[in-house]
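Heads up: the structure comes next, in structure tokens.
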Amino acid sequence: MVRYDTPDSLNTDDRDDLLLAAATEISHQWSRDVTLVVACEAGMNHLVYLSRYQSANNVKIRTLRLAPGVIWSRPNGFRNVLRAEVAASYTVYDFEDQIGSVQSFAYRQAAWSDSLVAPLGPRLQLEFTGTLRLFERGLFRWRDFRERLERSFVEIGWWPAVAVRPFDGVRLSVGYRAFVQERYVYRDGERAFDGVLSSSGPTVAMEIFGDSNGSVHLAGWRETQRTGGRALATVSNLSLSVNMLL
3 MVRYDTPDSL NTDDRDDLLL AAATEISHQW SRDVTLVVAC EAGMNHLVYL
53 SRYQSANNVK IRTLRLAPGV IWSRPNGFRN VLRAEVAASY TVYDFEDQIG
103 SVQSFAYRQA AWSDSLVAPL GPRLQLEFTG TLRLFERGLF RWRDFRERLE
153 RSFVEIGWWP AVAVRPFDGV RLSVGYRAFV QERYVYRDGE RAFDGVLSSS
203 GPTVAMEIFG DSNGSVHLAG WRETQRTGGR ALATVSNLSL SVNMLL
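Going left to right, the sequence shown walks through residues 3 to 248 as this note's numbering numbers them.
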């Protein structure tokens, strides 16, 4: 339990925060090249404000997650990781029956991902990452365990790339990254299309590996954002990561 207490009598943000979490992961070597993995997580977070002026925000958040996967790797460097996931989160306010301004809600998702590395030569390899995610949100009553859906989303992403090692300790890659999100709303229990958001563009990356003490990773993405088939903006993203072992 974590307590947030201050001596100021005007402060209304004092609260107690109780967090319970459990997680486990099991792996099984099915064969020389194939490994099966299953991860499970469960948690409960109870937030209680000590001031009556904030007590409407007292809330319990319960989460569940199950994620099986298959890892296929070969001695020649080929590696394919398939993962699936189902998850749920239930946010329940302590006083929603007495206070009309707060409403509990539920969030659920199912997701699948595929990560592939396939060598094309001594210094050349093909890389691919693909994802599919379905998630929805709705009003929720914990006492009856009933939900009224409000919105749902379908997300698809893919990222192929070709990587080369021109020298020892240097890795260059060029690819194309894309993302599409379809949005839906629920009216009188019926799902209706509410638009689509997408972004796509080329990617480049460079990694420099020194000795065992560190590495430098520079990555860029020229992203074009669209909605309803209309371009909104083109954004250049650049990130630099430096890792050092002291």
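Virtual Cβ for every residue (Gly too), placed ideally from N, Cα, C.
Should residue i be labelled buried (16 or more other beta-carbon atoms within 10 Å of its own) or exposed?
i      : result
Asp97  : A small fix is needed here, since residue 97 is Phe in this sequence, not Asp. By the neighbour-count rule (16 or more Cβ atoms within 10 Å), Phe97 is not buried but exposed.
Arg179 : buried
Ser243 : exposed
Ala163 : buried
Glu138 : buried
Val94  : buried
Tyr55  : exposed
Gln127 : buried
Asn215 : exposed
Asn78  : exposed
Ala233 : exposed
Asn245 : exposed
Gly123 : exposed
Gly230 : exposed
Could you check how far apart the C-beta atoms of residue i and residue j are, in whole angstroms? I think they sit under 8 Å.
i      : j      : result
Ala89  : Arg67  : 4 Å
Phe181 : Ser200 : 6 Å
Pro115 : Arg148 : Before going further, note that residue 115 is Ser rather than Pro in the sequence given. Contact flag wrong, Cβ pair sits at about 31 Å.
Tyr92  : Arg135 : Actually they do not touch by this definition, with Cβ atoms about 19 Å apart.
Ile210 : Val166 : That belief does not hold up - the Cβ atoms of Ile210 and Val166 are roughly 14 Å apart, past 8 Å.
Gln206 : Val176 : First, the amino acid is wrong: residue 206 is Val here, not Gln. Right, the Cβ-Cβ distance comes to about 6 Å (below 8 Å), so this counts as a contact.
Val119 : Phe169 : Not quite, the Cβ-Cβ distance comes to about 20 Å (not below 8 Å), so this is no contact.
Please name the residue or residues paired with residue i in a DSSP beta bridge.
i      : result
Phe137 : Gln111, Phe155
Leu38  : His30, Val72
Gly2   : This structure cannot speak to residue 2, because the chain is shown only from 3 to 248.
Ser117 : Val83, Thr131
Pro162 : Phe130
Gln183 : Glu157, Leu199
Phe142 : Glu149
Ala194 : Val187
Val176 : Val164, Val206
Gly222 : Val206, Leu240
Asn245 : Ser217
Phe97  : The partner list for Phe97 (beta bridge, DSSP) is empty, contrary to what the question assumes.
Val104 : Its beta-bridge partners do not exist; DSSP assigns none.
Gly45  : Ala23, Thr65
Gln227 : Ser201, Ala235
Ala89  : Arg67, Gln111
- If you pair each beta-carbon of the region 187 to 196 with each one of the region 223 to 232, do three or more pairs fall below 8 Å? Touching, no, given that fewer than three Cβ pairs across the two stretches are closer than 8 Å.
- Message: I'd like to know if the region 62 to 79 and the region 36 to 51 are in contact, where contact means that at least 3 CB-CB pairs between them fall below 8 Å.
- Response: Output reads yes: the region 36 to 51 touches the region 62 to 79.
- Examine the Cβ distances between the region 99 to 111 and the region 133 to 152 and report whether three or more of them are shorter than 8 Å. yes
- Is the region 231 to 240 close to the region 202 to 222, with three or more CB pairs under 8 Å? yes
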